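Data block below; observations after.
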Amino acid sequence: MEKINIIVNNKTYSVDKNITLLKFIETNMPNAKYNIVAARDVDGNIIELFTPIGNDLKIEWISVNSEDGLRILRHSASHIMATAVRRLFPNTKVAIGPSTEDGFYYDFDSPERFNEEDFEKIEKEMQKIIDTDIPFIKSYILRPNAIEKFKNQGEFYKVELLEEITDEKVSIYQTDDFIDLCKGLHVPSSSYIKAFKLLRVAGAYWRGDEKNKMLQRIYGTAFGDNKSLKEYLNKIQEAIERDHRKIGREMDLFGFYPEGPGFPFWKPNGMILYNTIVEYWKEIHTKNGYLEVKTPIILNEELWHRSGHWDNYRENMYFTEIDGAKYAVKPMNCPGGLLIYRDGIHSYKELPLKIAELGLVHRHEKSGVLHGLFRVRQFTQDDAHIYCTEEQVKDEVKNVIRLVKEIYDDFGFTDVNIELSTRPAKSIGSDEMWNLAENSLKQSLDELGISFKINPGDGAFYGPKIDFHIKDAIGRTWQCGTIQCDFSMPERFDISYIGQDGQRHRPVMLHRAILGSIERFIGILIEHYKGKFPLWLAPEQIRILPISEKNFEFSEKIKKMLQDFGFRVKIDKSEDKLGAKIKNARLNRVYFVGIIGDKEMESNSISIRKADKEENTIININDLVNFLNEIKKSKK
RNA sequence: GCCAGUGUAGCUCAAUGGUAGAGCAAUUCACUCGUAAUGAAUAGGUUGAGAGUUCGAUUCUCUCCACUGGCUCCA
618 MEKINIIVNN KTYSVDKNIT LLKFIETNMP NAKYNIVAAR DVDGNIIELF TPIGNDLKIE
678 WISVNSEDGL RILRHSASHI MATAVRRLFP NTKVAIGPST EDGFYYDFDS PERFNEEDFE
738 KIEKEMQKII DTDIPFIKSY ILRPNAIEKF KNQGEFYKVE LLEEITDEKV SIYQTDDFID
798 LCKGLHVPSS SYIKAFKLLR VAGAYWRGDE KNKMLQRIYG TAFGDNKSLK EYLNKIQEAI
858 ERDHRKIGRE MDLFGFYPEG PGFPFWKPNG MILYNTIVEY WKEIHTKNGY LEVKTPIILN
918 EELWHRSGHW DNYRENMYFT EIDGAKYAVK PMNCPGGLLI YRDGIHSYKE LPLKIAELGL
978 VHRHEKSGVL HGLFRVRQFT QDDAHIYCTE EQVKDEVKNV IRLVKEIYDD FGFTDVNIEL
1038 STRPAKSIGS DEMWNLAENS LKQSLDELGI SFKINPGDGA FYGPKIDFHI KDAIGRTWQC
1098 GTIQCDFSMP ERFDISYIGQ DGQRHRPVML HRAILGSIER FIGILIEHYK GKFPLWLAPE
1158 QIRILPISEK NFEFSEKIKK MLQDFGFRVK IDKSEDKLGA KIKNARLNRV YFVGIIGDKE
1218 MESNSISIRK ADKEENTIIN INDLVNFLNE IKKSKK
């Protein structure tokens, strides 16, 4: 009998691996016939353990609502969904059905076109399966037998999977009449699914490859109790309410029109936000020793052959013609920047040379991927290229990391995850270059004591990179900043500096962006703040609400004064009552409203309040500018 | 690009094989007003575009465009 060692509560147990029935229960289910847990083995993998009650084995239970528990629960829910779908649509073939970060899906190949109206039917059938408490029965069979079995059933996706598995034996799970090739784990029976919901249907390629057949993927989620499901659905709702496309419209920030799909149009309010960010960005970069340049948007095609973009990035580029010669619209700023560097002789004394560019780039994104400001075809990168010696790389990378953190902090993002991506399959440059580059980045992070995740094969085609992911107010993460180490472009452009020895040397080039794309970053900011920006970013910082026409003149005086001090201020001279004026100010996400009535005029003051708060502060006009400046300075 | 869905007034949404309505917004008038919507009136649409079926299409069919959710990709 095959045994497996597992560690539970620091004790090692030898356990029979051939289990045919799996029970997975919570401690608060005393009537279960069997106790079974999912535990972690020595390598940290989840393995299963089976023991009848009465065995003295002490088990550390995992709750249904723990990360592992939910994964098991959701994976089981996907099987139940597949069972239901196959009951309702018998001609449906199944592909794979894993759990995801917050739910599960199953990919189907079916003559039926599923749509969301089918969900009710499928959910009902799933509920039936859950109510009848059908067990998940696990068994192991020899791989050739499994291939035979699934072939007979016409489940060719399973056969394809099986043909790649090298194990002698594979496990299969049976739920009702639905038999699925599956490693597990699963809950013991369907009634463990206490709350589930199907969410959407989408197309998905078999094995994620667009050359393969498009399958129909049904997404859903499941929880151990109804309350958690409700909380999850509320979170989805919250994300919908934060949608930057909706808030952007409400605040009149930007627009997209059919005349330019994927090309954002910035409206006056949006430009205020945009320019405020740019001004801040320029200031902090100047302070950190960066010089600024601007390079052309359209450049000769020859340049892109030299840079390697033509070979590696062509399908994302736009091309044009000038006087019969071929030109390309830049998808990246570096080649242009390199021309500037190459224009002159550089001494080692100039290095590190930090050249920043807010570069407008165009990339042809497939029509189906465009998404508000998050995914556009034209955007401005807050780019910079740092030319330095190999010895300087580590320190420069560290400097960039510090700057990245400072900038994110100023925008209210304090939670940052860092990832290191290594050489991809499609790449240029020698092995030595790649090793040197990857090691330099790794060491910089290590020396700063920063923990990071490694993404093998995720680097740019010209070098490895460090990516920065910020976490927003509702816990979503967004990749924004990046540092890319490039030994390749300097060679292609044959750039050099004169070293202490009077000889020419090849500098290293670091590409880096902090906000990533200003357009996208604004989208993230909108969703993070739900449009309620801190004072320094708010397109409209203060709106003065006169109670009646008698107060207009005094209001104008205050407006003029605030404008002279650089504040963005408007007066609501509409015929609305005060309540309506406040409502409108809130809707427009104005930061402060200042109320001017006879009372205020008499005392030469203004009743000021944050537009979304109840409390008023009465401030003398002479103190107003100081009051606002204090809040603006703090950035947050 | 692929799969599915959607497209009606500035916004949110109704309705119908016999050329369309509501609320909010807008405009005008009255009210001169104190903390999340004062009242009245007016105006606003070749129902995304094109073609087909039909006596008649906004409705049914097809093509295209755009958008939404995914796949893939990515800042």
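Start counting the first sequence at 618; every next residue gets the next number (the working numbering).
Don't be surprised by glycine CBs; every beta carbon is placed ideally from N, CA and C.
Owing to the predicted nature of the structure, the values given are computational and were not obtained by experimental measurement.
Beta-carbon contacts of residue i that lie in its chain and below 8 Å, excluding the five residues immediately before and after
i: Thr1099; result: Lys1082, Ile1083, Asp1084, Phe1085, His1128, Arg1129, Ala1130 and Gly1133
i: Thr893; result: Trp1153 and Leu1154
i: Arg866; result: Gly872
i: Tyr965; result: Thr1006, Tyr1114, Ile1115, Gly1116, Gln1117 and His1122
i: Thr1094; result: Asn1034, His1086, Ile1087 and Lys1088
i: Leu846; result: Ala812, Phe813, Lys814, Thr838, Ala839 and Phe840
C-beta contact flag for residue i and residue j at 8 Å
i: Asp724; j: Leu816; result: no
i: Gln977; j: Lys1015; result: According to the sequence displayed, residue 977 carries Leu and not Gln. Contact flag unset, no.
i: Arg760; j: Leu779; result: yes
i: Ile1321; j: Glu1232; result: Not covered by the structure: residue 1321. The range shown for the chain is 618 to 1253.
i: Val787; j: Ile689; result: no
i: Ile1159; j: Leu1179; result: yes
i: Ile1248; j: Leu1162; result: no
i: Leu990; j: Gly841; result: no
i: Leu1053; j: Phe1104; result: yes
i: Asp750; j: Ser807; result: yes
i: Lys943; j: Phe936; result: yes
i: Lys811; j: Asn843; result: yes
i: Gly1076; j: Pro1041; result: yes
i: His981; j: Asn933; result: yes
i: Ser693; j: Phe753; result: yes
i: Met743; j: Ile835; result: no
i: Phe1069; j: Ile1035; result: yes
i: Ala839; j: Arg691; result: yes
i: Ile1225; j: Ile1175; result: no
i: Asp793; j: Ile746; result: yes
Contact set for residue i: own chain, Cβ-Cβ below 7 Å, skip 5 residues either direction
i: Leu968; result: Tyr1004, Cys1005, Thr1006, Gln1009, Tyr1114 and Pro1124
i: Gly954; result: Val910, Thr912, Ile972, Glu974 and His1002
i: Cys799; result: Ser788, Ile789 and Tyr790
i: Ser1172; result: Ile1161, Pro1163, Ile1188 and Ile1213
i: Val702; result: Thr709, Phe725 and Ile739
i: Asp1136; result: Before going on, a small fix: residue 1136 reads as Glu here, not Asp. The answer, listed in chain order, is Pro881, Leu990, Val993, Phe996 and Thr997.
i: Asn829; result: Tyr822 and Trp823
6 Å Cβ shell around residue i - same chain, five flanking residues per side excluded
i: Arg859; result: Glu1144 and Lys1147
i: Lys650; result: Unreliable placement is indicated for Lys650, whose pLDDT of 35 sits below 50; no coordinate value is reported for it.
i: Ala1228; result: Ala1202, Arg1203, Val1207 and Val1210
i: Gly820; result: Met831
i: Ile864; result: Ile1143 and Gly1148
i: Pro952; result: Leu920 and Ser924
i: Phe736; result: Leu815
Classification of residue i by the beta-carbon crowding that lies within 10 angstroms, buried from 16 upward
i: Leu1062; result: buried
i: Val986; result: exposed
i: Lys1198; result: buried
i: His979; result: buried
i: Asn1168; result: buried
i: Phe882; result: exposed
i: Gln1117; result: exposed
i: Thr1039; result: buried
i: His861; result: buried
i: Phe667; result: Note on Phe667: pLDDT 41, under 50, position unreliable in the model; the coordinate value appears next. Per the 10 Å Cβ criterion, buried.
i: Arg730; result: exposed
i: Phe1182; result: exposed
i: Asn851; result: exposed
i: Gly837; result: buried
i: Lys1022; result: buried
i: Ile1071; result: exposed
i: Ser1258; result: Here the chain comprises residues numbered 618 to 1253, so residue 1258 is not present and cannot be evaluated.
i: Thr783; result: exposed
i: Asn1205; result: buried
i: Asn1221; result: exposed
Worksheet item: Quick check: the segment 1079-1091 against the segment 1015-1031, are there 3 or more CB pairs under 8 Å?
Response: Contact holds: three or more Cβ-Cβ distances are below 8 Å.
Discussion item. Check whether the segment 1097-1111 and the segment 1041-1061 are in contact - that is, three or more C-beta pairs closer than 8 Å.
Written reply: In short, these stretches touch, since the Cβ pair count reaches three.
Discussion item. Using 8 Å as the cut-off, can you tell me whether the segment 763-775 makes contact with the segment 701-714, which would need three or more C-beta pairs spanning the two stretches below that distance?
Written reply: Yes: the two stretches touch, three or more of their Cβ pairs being nearer than 8 Å.
Worksheet item: Are at least three pairs of beta-carbons, each pair with one atom in the segment 882-895 and one in the segment 928-948, less than 8 Å apart?
Response: No, they do not touch.
Discussion item. Suppose only complete runs of 3+ residues qualify. What are the beta strand (DSSP E) ranges in the segment 935-990, listed by chain order?
Written reply: Complete beta strand (DSSP E) runs here, min 3: 935-939, 942-946 and 970-979.
Fill in: Unbroken stretches of the alpha helix (DSSP H), 4 residues or longer, contained in the segment 1133-1197
Assignment of alpha helix (DSSP H) within the segment 1133-1197, counting only whole runs of 4 or more residues, yields 1135-1146 and 1169-1181 in chain order.
Fill in: Entirely enclosed beta strand (DSSP E) segments - the segment 754-828, minimum 3 residues
If we require 3 residues or more, the beta strand (DSSP E) runs fully inside the segment 754-828 come out as 786-792, 795-798 and 812-822.
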